[in-house]
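Beneath this line is the structure, given in structure tokens, with notes to follow.
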Amino acid sequence: MESCYSRQRRFLISVFLLNVLIYWGGYWKVSGCFDSERKALTTIQKALNDPSNILSSWDDASDSCKWRGITCHNTHYDGFLINGGIDPALVELQHLQLLDLSFNALDGAPIPDFLGSMKELRHLDLSWAGFGRRIPHQLGNVPKLISLDLSYSSLSAKNLWCLTSLPSLNYLDMSYVNLSMASHDWVHVMNMSPSLIELALYHCGLSYISPILPSVNFTSLRLLDPYLLLGSTDDNLRVDLSEFLEGSWRKLKILHLSFSQLHGGIPISIWNMTSLESLFLNACKMHAAIPDWLYELKNLKRLSLSDCMLTGPIPAARLGGLSSLEELDLSGSQLNGNIPAALGGLSSLVELDLSWNQLNGTIPTTLGQLSNLFLLDLSNVFEVDERDDPALVELKHLQFLDLSFNAFHGAPIPDFLGSMKDLRHLNLSDAGFSGSIPHQLGNLSKLISLKLSSDYSLSAKNLWWLTSLPSLNYLDMSFVNLSMASHDWVHVMNMSPSLVELRLLDCGLSYISPTLPSVNFTSLRVLDLRFNDFNSTIPNWIANISSLVSLYLSRNNFHGEVPYQFSLLPNLEELWFGSTDDNLRVDWSEFLEGSWRKLKKLHLSFSQLPGGIPNSISNMISLEFLGLSFGENITGSIPRAITKLINLESLSLYGYKMHAAIPDWLHELKNLKHLSLQDCMLTGPIPAARLGGLSSLEELDLSRNQLNGNIPAALGGLSSLQELSLQENQLNGTIPTTLGQLSNLGWLDLSDNSLTGNVSESVFENLKKLTSLYLSSNSLVFVPHSDWAPPFQLFDIYLSSCHLGPRFPLWLRTQKYVQVLDLSDTTISGIIPTWFWDLTPQLRSLNLSNNHIFGQLPNPLKMQPQSFIDLSSNHFNGPIPCILNGARVLDLSNNQFSAPIPPNFTSTMQYLEYFCAKGNQINGTIPSFIEGMKSLTVLDLSRNNIGGIIPLSLGNCVALEAVDLSNNRLSGEIPRSLGQLRRLRTMHLSNNSLSGKIPLSLKKSSSLETMDLGYNNFSGHIPTWISKSFPTLRILRLRSNMFTGNIPSQLLNLTSLQLLDVAQNCLSGSIPQSFENLMAMKNEQKINHVRSYGGMGSSYYEENLLVSMKGLVLEYTRTVSLVTCMDLSRNNLSGEIPEGFTGLLGLRALNLSGNHLTGKIPDKIGKLALLESLDFSENQLSGTIPLSMSNLTFLSCLNLSFNNLWGKIPSGNQLQTFQDPSIYMGNIGLCGPPLLDKCVSDETPPGPGYVEKDEEEDEMRWFYSGLGPGFAVGFWALCGILVLKRSWRIVYYRFFDKMKDRLF
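Position one of the sequence shown corresponds to residue 5 (the numbering used here), numbered consecutively onward.
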């Protein structure tokens, strides 16, 4: 008999399969059956919902024994999906012996009582059928029943005594049936069923098992021989497996040790179990390779090693020994290398699951030899690449193919998939395919489910090929670009009457037909159209799809009224609806007063809610889940009428700004299991006394509010609580020790509060089920004993900013399953203990930043594939290690790493997205093999000692958004290949020795926002194409190079430009005149946008900039978006200061010093009211200082020195604070404070060339007349002596040599 595990697997691979098998005894003739039974069958047909039209053969004209699903002899059947009701006409089938209604969708309907009157039934299978409520006791009236399967349904039973009336019962499966009320007598009932051979009561809520029995009547029950099922999810079951498995077990055929502690590998004693046919070792976390001897178990038919953390390659050489193998599951591990070609020799293989590993290469052609293969799952194996070799097309009987979550690197979906005629289930979602979806998929006429969701890389011009899939039940094309199919997609779907579930989330659809001639969605149960842009009213035909169970219409830019008819949908159980703008109107009083008779889940999101949540929401009496999320300005209170929702189990309000305390009547919601009041502006303390009444509460989320006071000790009384989230509040005090009483707690988040005090082991005393602990951003001090062994095994540990040091916490050594570890800024110092590196192979995230840890890292460093690693701001030294399984984020910044980047570094880093090693002592060159890092979005190697050239291969990292190589010793030119970086947004190459011209190829990097090439040796003209090629450029820094020519007037067309720094070059000509297009400088930058690029999660490149301003070099990071600055200083610019500068009202710094500018300072300079720094020094400006300059109230740095200005220095407002005379020095005509020269009168002050007396003119004339001859005589006298007198000549030149040495 098929095992429970196999039946579960069969369901997973046949999501929509339904088996209806009706069997009459062998004495019936093939020619037909009784008319009464034929009529009963047609009556049943009418009561069923047949979306696939598979019951079309049930007509009066044909032989009923040839109807699909009807068997008059012992032949087999096909599967299909039905829903609806079971008509009592079934009772007319008086000779029925086998009835299979499993895998249906009967929507919680009760099992019909009349089944108890079908006296001839031998086999009844109602598993996975969607039945609900109580199991009818009438089933005890079927005395000939041999097998009964009621598993995997929403059923329950008060007692099981009806089973004692089934004397022939051999097989009983009630797995996942709620038998909690039958706990005390189930053993005695089963003991009165001596014919039982197999009994399955998996996950039934049983809490009691009789320790003794007067007599054991299970004389036929086979539990240990030939089956052995062991395993426990906790540590209470003690088994010495090494000793236990050493027994003979010579007849053992099935061994189930899932969830056992098998660290170190598969026990070798299993080798002796030569009769073994099925071996299940799921979730055993072995961290070991697959042993070679395993393939000597010649009788193995089923081998399941999923989620075992297996490592290394699949041992291909020994695979051929498993010639009887039918099912092979190696999913969820760390297996690497190629998929072995030897798998093609397993000729009996029916199911092959290699998903969620690290395999690579191509799919071997030998897999085409697996003629019996039914299921192939290669999802998330990272590097499977089918390319041009269609090995899969030979799998003629393949019905299930899953290639999802892979990296096909933009390859198109192969056309040949359309020739795999037997495919029922095809999953290509998020597989890295791109391009158009091939219409050949329309040839898969038996396809039941198709999943093509992507990352916007797939597209389709039309969807008409879908009309060739008559059996299609499930279609998911979420995130596929369907913009070109917008006008006909509704009509295509309307021609697919078998569709049960349709998901078109965020597909770029812009049109939805307002009307349909007829609605053919007669089977549609799930419709998901979220995040499109229909910009229309909601069509009424959606409200006419009476079969709808779940409807998702959020964020579609709908406008107008919400149809009232939604409330009349007879089967609607779940509704997600909402809008982010004010165009969609809802008459809440009418909307909520509809019938909504079956609605169980309601999620609404709106940007407006006049009057708050209405009381009429209490009319939805069937509601079990209520989720409401709102815009930033929605305020109100929770109506007490919600307490009338007696079935409510989950209440979630997000963003509903109550500005009040938590309501004290919440305890009246007695059935509430999930309460989330996130971001609701709740104030005051947590009302412990009231919340204590929610005895069924499993989840409590009060995060992101303004709650204050202590964490109430009374929360420890919520014995059912599994998740507690109080993060981002203003809670203070200590963590109450009563939280340690929450024995069911699995998630505890108290981060981002003001908690203080010591945390001892008593806080965690009984938290045996705790898996996630978040205490970051508090001032907690951990003080457990050095030998503390926590009662829990954590997966996620976030203790950032807590005080753990100085020693590394020893209790971490006991945590064997931790996956995320954040110990940043926890005062840890010293060298990391060696035992810690034994934990890292299972880590997918490690953050030890901002501590005082030193020493070298292990090489290689072992972690989970595509991990997050942040070791920044410590004292690590030595070489950068190789990351064995690769990483997505690697931050090694601000340490003391040295030596070049190792040659093998990039070999495993093809998925690296963020690499930051700034602020170290890395030398050598940038390796050319960096081109293998195709996913890299951020590369920051700034502030190191890296030399050589920028490699051409860097241009192959086409995903790059941020490159920072500043402050190194790079030389050579910018390679033309960088023009391939189309996504590049910020580029910092400053403070190197780069030279040459800015390459024309950079024009292709049109997304560039920051170009910093300062302090290099670039030459040539500033390119005029910059403005057209980089329309979003915000920062252009070319400071301290050797650029020549004019400042291109085209630069002034950059509307987003906030900083222009071309200082210290050799630019000449006049300053361009037109400034009206510099919009970012014309307007004040009031909103701070943190400029961040690339990376993932909390790791990204944060824009930074050095700005010469106020006589200092200032570094801007998080506020760089507020900086507006123009620096044209230290060039050879001439002409006058353009009047257009005075229109740059958002400018905060202006520096034109060190040029040859003439004319006056613009009179309207005072309009630049935000100016903080102004430098016009070292020019040839003349005239007076404009009085308007006194309006510059923010000015804190001013320099007008060394010009030809004259007149009285203006005073008042900000100018009177400048008391440093050096600001005005070098202007001989200026007078007044802070200069010592007083102004004589208000008349025009003396300017250049002014002469007071005629006598002085004569004296000056004589002076200049004698100056020329005197100079000539002295010059030739000195030269003559040096020529004639050798000793004088030697002394003279030695003097100048010494002066040179002192100066240089």
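Think of the CB as a built atom: it goes at the ideal place given N, C-alpha and C, for glycine as much as any other residue.
Values in this document were obtained by computation on a predicted structure and should not be read as measured data.
Residue i in three-state terms, based on DSSP
i            : result
residue 1266 : Interpretation of residue 1266 is limited by its pLDDT of 47, a score under 50 that renders its predicted location unreliable; no figure is taken from the coordinates.
residue 1008 : helix
residue 305  : coil
residue 597  : coil
residue 194  : helix
residue 921  : coil
residue 1123 : coil
residue 879  : strand
residue 1169 : helix
residue 238  : Any reading at residue 238 is ruled out, since the residue's pLDDT is 45, under 50, leaving its predicted position unreliable.
residue 581  : strand
residue 168  : helix
residue 1047 : strand
residue 341  : strand
residue 592  : helix
residue 518  : coil
residue 723  : coil
Cut-off 6 angstroms between Cβ atoms - residues of its own chain near residue i, not counting five sequence neighbours on either side
i            : result
residue 363  : 343 and 385
residue 1003 : 978 and 980
residue 307  : 283 and 332
residue 1050 : 1073
residue 703  : 678 and 727
Sequence-distant residues of the same chain with beta carbon closer than 8 angstroms to residue i, five excluded per side
i            : result
residue 173  : 149, 150, 151, 152, 167, 197, 199 and 200
residue 80   : Only weak support is given to the placement of residue 80: the predicted model assigns it a pLDDT of 31, under 50, and the question is left unresolved by the model.
residue 687  : 663, 664, 665, 709, 710, 711 and 712
residue 1135 : 1066, 1067, 1068, 1069, 1070, 1071, 1072, 1158 and 1159
Assumed close pair residue i, residue j - CB separation to whole angstroms, cut-off 8 angstroms
i            : j            : result
residue 317  : residue 341  : 3 angstroms
residue 425  : residue 448  : 7 angstroms
residue 1079 : residue 1046 : The pair is not a contact, with the Cβ atoms about 26 angstroms apart (cut-off 8 angstroms).
residue 606  : residue 617  : The Cβ separation is near 12 angstroms, so there is no contact.
residue 438  : residue 462  : 6 angstroms
residue 923  : residue 947  : 5 angstroms
Those residues which DSSP pairs with residue i across a bridge
i            : result
residue 952  : 974
residue 761  : 784
residue 835  : 858
residue 1014 : 990 and 1039
residue 849  : 824 and 872
residue 1176 : Per DSSP, none; premise fails for residue 1176.
residue 478  : 453 and 505
residue 291  : Residue 291 pairs with nothing; no bridge assigned.
Residue i and residue j closer than 8 angstroms at C-beta
i            : j            : result
residue 700  : residue 676  : yes
residue 975  : residue 998  : yes
residue 455  : residue 427  : no
residue 101  : residue 117  : no
residue 483  : residue 459  : yes
residue 1190 : residue 1163 : no
residue 705  : residue 723  : no
residue 982  : residue 952  : no
residue 970  : residue 1016 : yes
residue 918  : residue 941  : yes
residue 370  : residue 353  : no
residue 803  : residue 767  : no
residue 832  : residue 857  : yes
Own chain, CB closer than 7 angstroms to residue i, minus 5 neighbours either side, in chain order
i           : result
residue 644 : 669
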